[in-house]
Structures are given as C-alpha cells and as structure tokens.
Amino acid sequence: MRRILIALTYLVFIVLLIIPLFKIGTGAWQEGLDGLIHAITRPEAVHALMMTAWIVVVVTMLNTIFGVMLAMYLVRGTWMGSRLKQFLNSIVDLPFAVSPVIGGLMIVLILGPSTTIGAFFESIGFKIVYAFPGMVLATLFVTFPLMVREVMPVLQEVGTQQEEAASTLGAYGWTTFWKVTWPLIRFGVIYGVVLTIARSLGEFGAVLVVSGNVMNKTQTATTLVYQDVENFNVVSANGVALVLAVFSVLLLLFMEWAKRRRGVH
Amino acid sequence: MNGILRHKGWSWGFRSTVMLYFIVLIALPIIGVYTKSFSLGWSAFADSVSDPLAWKSILLTLKLSLIATAINILIGTMIAWVLNRYKFIGRTFLNSLVDLPFALPTAVGGLMILLLLGPNSWVGNLAAQLGLQIVFHEPAIVIAMVFVTFPFVIRAIQPLLEELDKSEEEAAYLLGASKFHVFRRVILPSILPGVLSGAMLAFSRALAEFGAVVLVAGNIPGKTLIASVYIFGEVESDNPQGAAAVSILLLSLSFLILWLVNWVQMRRHAK
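Top line first, the protein sequences correspond to chains A and B. Sequential numbering from 1 applies to the first sequence in the numbering used here. Sequential numbering from 1001 applies to the second sequence in the numbering used here.
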C-alpha cells in the first residue's frame, strides 16, 4: 500500500508538474540558442519584459507599505470598533474570489475613458485605463490580500507585550516599530513580498483586460505569451515563458530558503 | 524626526490614507460591477444573462470546475498523506514543488499544457489515433484547472495531518480496526475540514481561472467557452454591461464560497 501510494504521488508530480516544466525548457530551445535569443531580444519582448518588471517593482512597493499598515491596523488598531474590524477583515479576501478578468473589468468600468472619473483624468492628460497606471491598479487589486494575510497571523502570534515594554521604556512609535515590531514580523513580510512578486509577475487576466494589450506600449510578458500563441508563434512564446518560469522557480527556491532560515532562528 | 512623527495629525493621516486606499481599491470596484450590470435596468440584465451562450458558458464552467475539484480532492488528499506520513527519497523536493502552480504565471501553465498535449505533440498524436480529443476540448480545460488549483487541497490538509494525535490511530489499531476502517473513522473526520475548505478554494479558483484555460480551450462559443473567457469576449466586443451581468453571477457564487470557507474555519477555531 505504502509503495503504491508513493509511486502514485511521484506519478502525479511527474506528469502534472515536472514534465510540463521540462517541456518549457526544451520548447524554448527548439530552434537552438539563436532562436531562444531572438525570442527574448525581439523589441516587443524586451519591452514586454521591462513593462512587467516595472509593474512588479511598483506593485510590490505599494502593496508592501499598505499591506503591512493595514495588517497592523486590523490587528492592533483600537480606534475602530470590533464590528468594523471584522467587516474589513472579511473583505480583505474578496480579490481572491474575484476572477482576474472581472477584476480588470471593474477597473475599466470605473475608470475607463467613457466614465466621469476616467474622462476627468483624461482631460488633464493622465490616462489610466489602457495605460500603465491602470495595469498597476489591476495588479494591486489582485495582489492585495497576499501581504495582509501573511503579516496578520504573525502580528497576532507575537502579541503586544514586547512593544508595550519598549513603549514603557520610553521608545516612541517609530522606534518601537523599527526596533521591536519589524524584526518580529520580518519573515511574514518577506513571504508577502515573494508572493506579491510571483503574482504580479504572472498576472494575466486582469492586465489583459485593462491594458488593451497593445504591442510595444502596454504589453506585459504574460500577455505577449498569449499573443504569440494566438499567432501560432509557439517558439517565441516559449522563450518568454521560459524567462517567466525561471523567475518563478527562483522565487520558489528563495521562499524555501527563507522558510528554512526561519526554522533555524 | 520622532518629534514630528509623534504628532497626532500623522497617525490620523496614515489611518485615513490606508483606509481610503483599501476602500477605493477593493470595495469601490466591486460595487461598480454590481451597479453596471443593472445600469440598463432589470430587463437588460435578464437579457444578458439569459443569452444561451452566456448560460452555456456558466454551466460549462460549473461542470468542469466540479470535475477538477473532485480530481483535486482525490489526488490532493493522497499526496498530503504521502508527504506527511511516509519518509522516502525526494520528499522535501516534492513538498517544495507543490507550490509551483502558485508561483508560475497561469499563462505559462496553459502554454505548457498546450505544448505537451497539443496537436503536434507525442501525447496529442497518440490521443488522436485513439480518437480522443484533448486540447481545444473539455479535457484540456479540466487539466488546466487541476494544474492551477493543485496546491489548495494539499496545503489545507497538511497542517491538520501534522496536528493529528497519533495515539488515537494507535488506539484504533489496538482495538482491532482495519486500516481502511481507521482511515474512515479516525483520520478522515479530523482532516475533513481541511479537505472541504481546500476543495472550496480550489473550486472558486477553478471558476475564476482565465490564463491557463484561454490558451488550451479553443474557446468555441457554446462548446468550450468558459465564463471568464466569455466575459473577456464581451469586454473585447465593447459590451461592458453584458460582461458585468455574467460577472456578478460568477462573483456572487465565489463570494458565497469564500463566506462558506470562512464559516468552516471559524467553526473549527471555535471548537
């Protein structure tokens, strides 16, 4: 029984995860190294990868700052009633339940060129939908719960005793945060950052709807993969997909490393 | 610096900014979709939803998500069990690999399935000779959904298996219970909340999945067009009201599931 189960487990992993991952690696080499280099260094691929990189950087920064703060307020904030806290706590997860396409649609519906808000911003020369800000917004929406959900349990676990001790000893709010709270929640934040990077790197549905997927303008790496496949340009799609896959695997490895380090400490 | 930061206005400002960000980013868009779908009145909403293609896409999504979830419950429970209970070569490696579908962009996942099972691949050719059609048909959609939701059930069961008191099992064995009996009567009841909440998360993710599916489904209206791809099509053809109408059906369903998951977890903590 034991042997059969282990063998079955290996089978599932190999068929569902390892072979496909391997296939991406070999698929990109189909036309040799030149083909791969060409696929990645096409102007549209370079632009798409840069676009993705920018989105990842901006989204990760914003999501980290606001996520950590919101988590602190939701766990520690005494200024809002417990009812309100419960309600806010329950809507944090909403983006998980929303299909990315719908997430994108929401932003188009509220900020699109035909709406009042969108028209206003457009008139002052600030394009949101079908431009970079909209894509950042869509990705922020999708990644929102990741940081909050990683940091909240850590904050709950560590309690307030050490912070109170620091305050009693005369440390001000900011000092307490950097010297006491931050070291305690550090790993939670790191996990949150890794998850946010992975998700914003791979976000597809929401960005596709919001960006309009204009080549060399609002195209990200994932939407370029999609377009290449639609154009039956599978080798090029593989090249870009390989770059994305390598990043994801690296993130996964980093996550494992961080987990192990946390276990040691 | 500290003097400035201690000022009351700062903390008030921080709070308002964070709350505003939260409301504007999360609550406002969701309200926007609900209002948009009724923006042209009830009859327009009813028309959009009762469009046969819309209906078919929603039913197809539900059916395939259910199949994918059932598959995930089976293999997920098995894998969680094997990874937690048995020591074998490569266990830690497999355990880290579980999260791969979360880390990998879904479009890349779809592309991998397309490459493996597509018309020019080895498996695709074999299946074609046997008269089976995988890619651009329902099986490919189910495979994509299973791939994307793979970690949910496993990650929901693992902590429960770790918590499980071994002495209960041993007592059952001592009392002469068979292996199957112990699994059904002792282990299953304690991991069931995990199986349920993992399955519901997987189901709601499968309902919402777009990236992996759009590449492998072929998206033939009425046949392999799932709801999220239908919504995307409506947006592309400049019919935001119709897109919003189908969206709120899916959304309401997902919210219900999310609420159920929370409820199950709350009940567990209450015990």
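Built from N, CA and C at the ideal position, the CB exists for glycine as well. What you are looking at is a predicted structure, and each value in this text was computed from that prediction instead of being measured.
(message) Whether or not the segment 33–44 of chain A and the segment 1147–1165 of chain B are in contact is what I'm after, with contact meaning three or more pairs of Cβ atoms, one per stretch, closer than 8 Å; do they touch?
(response) no
(request) Could you tell me the distance, in whole angstroms, from the CA atom of L111 (chain A) to the CA atom of F120 (chain A)? (result) Within the first sequence, the letter at position 111 stands for residue 111 (chain A). Within the first sequence, the letter at position 120 stands for residue 120 (chain A). Their backbone Cα atoms lie some 9 Å apart in a straight line.
(request) Would you please verify whether the beta carbon of I14 (chain A) is less than 7 Å from any beta carbon of chain B? (result) Walking along the first sequence from the start, residue 14 (chain A) turns up at place 14. No, no contact with chain B.
(message) Rounded to whole angstroms, what is the Cα-Cα separation between V1049 (chain B) and V1235 (chain B)?
(response) For this step, residue 1049 (chain B) is matched to residue 49 along the second sequence. For this step, residue 1235 (chain B) is matched to residue 235 along the second sequence. Each residue's Cα considered, the two are about 15 Å apart.
(request) Just the chain B side, please: which residues come within less than 9 Å of L155 (chain A) by C-beta, in chain order? (result) Counted from its first residue, the first sequence places residue 155 (chain A) at position 155. Residues of chain B passing the Cβ test: none, with the nearest at roughly 15 Å.
(message) Taking the straight line between their C-alpha atoms, what separation do you get for A1080 (chain B) and E150 (chain A)?
(response) Walking along the second sequence from the start, residue 1080 (chain B) turns up at place 80. Walking along the first sequence from the start, residue 150 (chain A) turns up at place 150. So the two alpha carbons sit approximately 22 Å from each other.
(message) Under 8 Å, CB to CB, which of the residues in the segment 11–41 of chain A have a partner in chain B?
(response) V12, F13, L16, L17, I18, I19, P20, L21, K23, I24, G27
(message) With a threshold of 7 Å between beta-carbons, can S248 (chain A) be considered close to chain B, or not?
(response) Within the first sequence, residue 248 (chain A) is the residue found at index 248, counting from 1. Interface residue, yes.
(request) Could you tell me whether the Cβ of I1134 (chain B) comes closer than 7 Å to any Cβ of chain E? (result) Given the protein chain composition of this structure (A and B), no chain E is represented.
(message) Taking CB distances under 7 Å as the criterion, tell me whether M152 (chain A) reaches chain B.
(response) Here residue 152 (chain A) refers to the residue found at position 152 when the first sequence is read from its first residue. So no, M152 (chain A) is outside the interface.
(request) Please compile the residues from chain A whose C-beta is within a distance smaller than 9 Å of the C-beta of I1257 (chain B). (result) Counting from one through the second sequence, the residue named residue 1257 (chain B) turns up at place 257. Ordered by position in chain A, the residues that pass the 9 Å Cβ test against I1257 (chain B) are A97.
(request) Kindly indicate if chain A contains any beta-carbon less than 7 Å away from that of F1232 (chain B). (result) The residue you call residue 1232 (chain B) lines up with position 232 of the second sequence. True, the Cβ-Cβ gap to chain A drops below 7 Å.
(message) At the 7 Å Cβ level, is L1100 (chain B) part of the contact set with chain A, yes or no?
(response) Looking up residue 1100 (chain B) in the second sequence gives position 100. Closer than 7 Å: yes.
(request) Specify, as a first and last residue, the run of the alpha helix (DSSP H) that Q86 (chain A) falls within. (result) On the first sequence, residue 86 (chain A) is found 86 positions in, with the first residue counted as 1. Segment 82–92, the alpha helix (DSSP H) holding Q86 (chain A).
(message) DSSP three-state label for E164 (chain A), please.
(response) Here residue 164 (chain A) refers to the residue found at position 164 when the first sequence is read from its first residue. E164 (chain A) falls in the helix class under three-state DSSP.
(message) Let's test the definition: count the other Cβ atoms within 10 Å of the Cβ of Y226 (chain A) and tell me whether it reaches 16, buried, or not, exposed.
(response) Along the first sequence, one-based indexing puts residue 226 (chain A) at 226. Y226 (chain A) is buried by the Cβ-count criterion.
(request) Using a Cβ-Cβ cut-off of less than 9 Å, give me the residues of the segment 1167–1186 of chain B that come near chain A, in sequence order. (result) K1179
(message) Going by beta-carbon coordinates alone, are A1072 (chain B) and A1172 (chain B) separated by less than 7 Å?
(response) Sequence index remark: in the second sequence, residue 1072 (chain B) carries index 72 (1-based). Sequence index remark: in the second sequence, residue 1172 (chain B) carries index 172 (1-based). With the sequence shown as reference, residue 1072 (chain B) is identified as Asn, and Ala is not the correct amino acid for it. No, they are not a contact pair.
(request) Can you pull the chain A residues whose beta carbon is under 9 Å from the beta carbon of M1078 (chain B), in chain order? (result) Residue mapping note: residue 1078 (chain B) aligns to position 78 of the second sequence, counting from 1. Within chain A, the residues near M1078 (chain B) are L5, L8, T9, V12.
(request) Run the CB neighbour count on K1036 (chain B), radius 10 Å, all protein chains shown included, and call it buried at 16 or more, exposed below. (result) By 1-based counting over the second sequence, the position of residue 1036 (chain B) is 36. By the 10 Å Cβ count, K1036 (chain B) comes out buried.
(message) Check whether chain B comes within 7 Å of P133 (chain A), counting only Cβ atoms and requiring the distance to be less than that.
(response) By one-based count along the first sequence, residue 133 (chain A) stands at place 133. Not closer than 7 Å to any Cβ of chain B, the Cβ of P133 (chain A) fails to qualify, so no.
(message) Quick check on DSSP: helix, strand or coil for M50 (chain A)?
(response) By 1-based counting over the first sequence, the position of residue 50 (chain A) is 50. In this structure, M50 (chain A) counts as helix in the three-state DSSP scheme.
(request) Output the distance between the C-alpha atoms of L1207 (chain B) and P20 (chain A), rounded to the nearest integer angstrom. (result) Reading the second sequence from its first residue, position 207 is the one you call residue 1207 (chain B). Reading the first sequence from its first residue, position 20 is the one you call residue 20 (chain A). So the two alpha carbons sit approximately 23 Å from each other.
(message) Would V1146 (chain B) and A1068 (chain B) be called neighbours here (beta carbons separated by less than 7 Å)?
(response) Locating residue 1146 (chain B) in the second sequence gives position 146, counting from the first residue. Locating residue 1068 (chain B) in the second sequence gives position 68, counting from the first residue. Contact flag set, yes.
(request) Closer than 7 Å by beta-carbon distance: list the chain B residues that pair up with L201 (chain A), in chain order. (result) Indexing the first sequence from 1 puts residue 201 (chain A) at position 201. Correct list: P1105.
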